[in-house]
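Engineer: Residue numbers (the UniProt record's numbering): 1 to 379.
(1) Whose C-beta lies closer than 8 Å to the C-beta of residue 345 among residues of the same chain, with five residues either side of it excluded?
(2) Quick check: what's the CA-CA separation for residue 216 versus residue 100?
(3) Would you kindly work out how many angstroms separate the C-alpha atoms of residue 76 and residue 41, rounded to a whole number?
(4) Would you mind stating whether residue 325 and residue 367 have Cβ atoms separated by less than 8 Å?
(5) Does the distance from the CB of residue 96 to the CB of residue 274 come in under 8 Å?
(6) In three-state DSSP terms, what is residue 423?
(7) If you compare alpha carbons, which of 140, 278 and 45 is closest to residue 220?
(8) Which residue's Cα is closest to the Cα of residue 243: 17, 302, 293 and 50?
(9) Which two residues bound the contiguous beta strand (DSSP E) that contains residue 155?
(10) In chain order, which alpha helix (DSSP H) runs of at least 4 residues are fully inside the region 249–326?
(11) Is DSSP giving residue 204 helix, strand or coil here?
(12) From residue 8 to residue 73, what distance separates their C-alpha atoms?
(13) Hey, would you say residue 148 sits closer than 8 Å to residue 167, going by beta carbons?
(14) Rounded to whole angstroms, what is the Cα-Cα separation between residue 57 and residue 64?
(15) Provide the residue(s) that pair with residue 143 in DSSP beta bridges, ordered along the chain.
(16) Please classify residue 218: is it buried, with 16 or more other beta-carbons within 10 angstroms of its beta-carbon, or exposed?
(17) Among 165, 205 and 202, which has the Cα closest to the Cα of residue 187?
(18) Provide the residue(s) that pair with residue 165 in DSSP beta bridges, ordered along the chain.
(19) Assign residue 126 to one of three DSSP states: helix, strand, or coil.
(20) Mapping DSSP to helix, strand and coil, what is residue 137?
(21) Whole angstroms are fine: how far does the CA of residue 144 sit from the CA of residue 29?
(22) If we ignore side chains and look at the alpha-carbon of each, how far apart do residue 237 and residue 68 end up?
(23) Evaluate the contact criterion for the region 199–215 versus the region 150–159: three or more CB pairs, one atom per stretch, below 8 Å.
(24) Out of 195, 79 and 55, which has the shortest C-alpha to C-alpha gap to residue 423?
(25) Please list, in chain order, all residues of the same chain as residue 193 whose beta carbon is under 8 Å from its beta carbon, the five residues on each side excluded.
(26) Between 117, 347, 169 and 17, which has its C-alpha nearest residue 233's C-alpha?
(27) Can you tell me whether residue 239 is buried or exposed? The criterion is at least 16 other CB atoms within 10 Å of its CB, across all chains shown.
(28) Are the region 253–261 and the region 282–297 touching, with three or more C-beta to C-beta distances below 8 Å?
(29) What are the complete alpha helix (DSSP H) segments, minimum 4 residues, inside the region 27–79?
(30) May I ask which residues mark the beginning and end of the alpha helix (DSSP H) holding residue 392?
(31) Assign residue 53 to buried or exposed, taking buried as 16 or more other Cβ atoms, counted over all protein chains shown, within 10 Å of its Cβ.
(32) Where does the unbroken beta strand (DSSP E) through residue 192 begin, and where does it stop?
(33) Our contact map puts residue 375 next to residue 357 with C-beta atoms below 8 Å; I'd like the distance itself, whole angstroms only.
(34) Given residue 81, which residues of its chain have a CB within under 6 Å of its CB, disregarding the five upstream and five downstream residues?
(35) When the Cα of residue 146 is compared with those of 90, 171, 247 and 153, which residue comes out closest?
And the structure:
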């Protein structure tokens, strides 16, 4: 299936790329080396509608379609995956609020997310439960007109910098996936503590944390959607989330390819540019072909998500996530090879793209999980 992007889509790509070149790339190494969260850049990006771009116009967002949002993610990660992740994840949980939240939730919080005033977080994974969402052990027990929540969340993006969050907890513990509820919580409430995870391989500019939930009292009105329906609500966003990770992977791969091409144009060996060696030409050609193939599959998945073809979107999003993430690591690895010894040190961005690309094979469901999903769709 071929995709012809509209003039508006191309204009969005140009705007995000310009932002990446002027604002992100000059500070990317600093944020990576220091593990510094780019709050100022998040606020700047929001002025151009690059934070949670799918939030509707009536709530202060840009109301972008899924292809446009995919382009935004891709280009942010092309500039730098770590900063791109921090900016792109600032709206985590906003889709749950948009789709299932009460009107007061939308009016109070979505405009603040869209304009970069706050960051949000989605708290699902736990120390013993990553891909197995149904197995979460965090519990929220009813107590009058409140719920009292207790549990431990792990690998939570924006854990220490977010102002609000969507918390997934068991309200009917004996019912497995049928007993999960989504709650809107404010991260400064009593009983919520966070501990930043610093020793990450990549995307170091993105905040990652462990979140402890200790007797946190949640008003009944803060239930998002229906009690015990949180798992089913969450499933509606997995296709979109996986298509988004595919876009991240494509962006990281393109960034690694760009860096390799730039280096090949500059580096000389044996009195000629290394780009003139056929071995390097072939590497670059193969890298470019893989990136374009991953991009095409990713856009196809995004198109299916936009059309709300849930079963088809689930299949293609998992295919795109699997393929693009695998390709991203391969391309980044070849990018280091093109750089030779220079690719192994932080003087060049090649090693950073390699480290950053690796996460795309893990979160939003590992590559192994994606294969299970694809096989289920086929059989």
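Beta carbons are placed, not taken as given, at the ideal position from N, Cα and C, and that holds for glycine.
A quick note: this is a predicted structure, and the numbers were derived from the prediction, not measured.
Structural biologist: With the structure as the only source:
(1) The residue you call residue 345 lines up with position 345 of the chain shown. Cβ neighbours of residue 345 beyond the five flanking positions: 351.
(2) The count along the chain shown starts at 1 and reaches residue 216 at position 216. The count along the chain shown starts at 1 and reaches residue 100 at position 100. The straight-line gap from Cα to Cα measures roughly 22 Å.
(3) Working through the chain shown from its first residue, we reach residue 76 at position 76. Working through the chain shown from its first residue, we reach residue 41 at position 41. Roughly 11 Å separates the two Cα atoms.
(4) Stepping through the chain shown from its first residue, residue 325 is reached at position 325. Stepping through the chain shown from its first residue, residue 367 is reached at position 367. Contact flag set, yes.
(5) Along the chain shown, read from residue 1 onward, the residue named residue 96 stands at position 96. Along the chain shown, read from residue 1 onward, the residue named residue 274 stands at position 274. No; because the gap between Cβ atoms is not below 8 Å, this pair is not in contact.
(6) Past the boundaries of the shown model lies residue 423; the chain is included only from 1 to 379, so the question cannot be answered.
(7) Here residue 220 is taken as the residue at index 220 of the chain shown, counted from 1. Nearest option by C-alpha distance: 140.
(8) Sequence index remark: in the chain shown, residue 243 carries index 243 (1-based). Of the listed residues, the one whose Cα sits closest to residue 243 is 302.
(9) As a position in the chain shown, residue 155 is number 155, starting the count at 1. Its beta strand (DSSP E) spans residues 146–157.
(10) 278–306
(11) Counting from one through the chain shown, the residue named residue 204 turns up at place 204. The answer is coil: DSSP assigns residue 204 none of H, G, I, E or B.
(12) As a first step, residue 8 is located in the chain shown; it is residue number 8 there, counting from the start. As a first step, residue 73 is located in the chain shown; it is residue number 73 there, counting from the start. If you take the alpha carbons of residue 8 and residue 73, they lie about 16 Å apart.
(13) Within the chain shown, residue 148 is the residue found at index 148, counting from 1. Within the chain shown, residue 167 is the residue found at index 167, counting from 1. Against a cut-off of 8 Å, the Cβ pair of residue 167 and residue 148 comes out as no contact.
(14) Position 57 of the chain shown, counted from the start, is the residue given in the question as residue 57. Position 64 of the chain shown, counted from the start, is the residue given in the question as residue 64. Taking the straight line from one Cα to the other gives about 9 Å.
(15) For the purposes of this step, residue 143 is taken as residue 143 along the chain shown, with counting starting at 1. The partner list for residue 143 (beta bridge, DSSP) reads 146.
(16) Translated into positions along the chain shown, residue 218 becomes position 218. With 16 or more Cβ atoms within 10 Å of its Cβ, residue 218 is classed as buried.
(17) On the chain shown, residue 187 is found 187 positions in, with the first residue counted as 1. Selected option, being the one with the closest Cα: 165.
(18) Within the chain shown, numbered from 1, the residue matching residue 165 stands at position 165. The partner list for residue 165 (beta bridge, DSSP) reads 121 and 185.
(19) Stepping through the chain shown from its first residue, residue 126 is reached at position 126. DSSP places residue 126 in strand when its eight states are reduced to three.
(20) Here residue 137 is taken as the residue at index 137 of the chain shown, counted from 1. In this structure, residue 137 counts as coil in the three-state DSSP scheme.
(21) By 1-based counting over the chain shown, the position of residue 29 is 29. By 1-based counting over the chain shown, the position of residue 144 is 144. Looking at the two C-alpha atoms, the distance is approximately 51 Å.
(22) Looking up residue 237 in the chain shown gives position 237. Looking up residue 68 in the chain shown gives position 68. Approximately 17 Å, taken between the alpha carbons.
(23) yes
(24) Shown here, the chain extends from 1 to 379; a query on residue 423 therefore has no answer.
(25) Numbered from its first residue, the chain shown carries residue 193 at position 193. Excluding residues within five positions, the ones whose Cβ falls inside 8 Å are 211, 212 and 214.
(26) One-based indexing of the chain shown puts residue 233 at position 233. Comparing Cα-Cα distances from residue 233 to each of 117, 347, 169 and 17, the minimum goes to 169.
(27) Counting from 1 along the chain shown, the entry for residue 239 is found at position 239. So residue 239 ends up on the buried side.
(28) yes
(29) 28–34, 39–47 and 66–79
(30) This structure gives no information on residue 392, because the portion of the chain shown stretches from 1 to 379.
(31) The residue given as residue 53 occupies position 53 in the chain shown. Under this definition residue 53 is a buried residue.
(32) Residue mapping note: residue 192 aligns to position 192 of the chain shown, counting from 1. 192–196 is the span of the beta strand (DSSP E), which, as asked, contains residue 192.
(33) For the purposes of this step, residue 375 is taken as residue 375 along the chain shown, with counting starting at 1. For the purposes of this step, residue 357 is taken as residue 357 along the chain shown, with counting starting at 1. Not quite, the Cβ-Cβ distance comes to about 25 Å (not below 8 Å), so this is no contact.
(34) Here residue 81 refers to the residue found at position 81 of the chain shown. Once the five neighbours on either side are set aside, the close Cβ partners of residue 81 are 203, 252 and 356.
(35) As a working mapping, residue 146 is identified with position 146 in the chain shown. Nearest option by C-alpha distance: 171.
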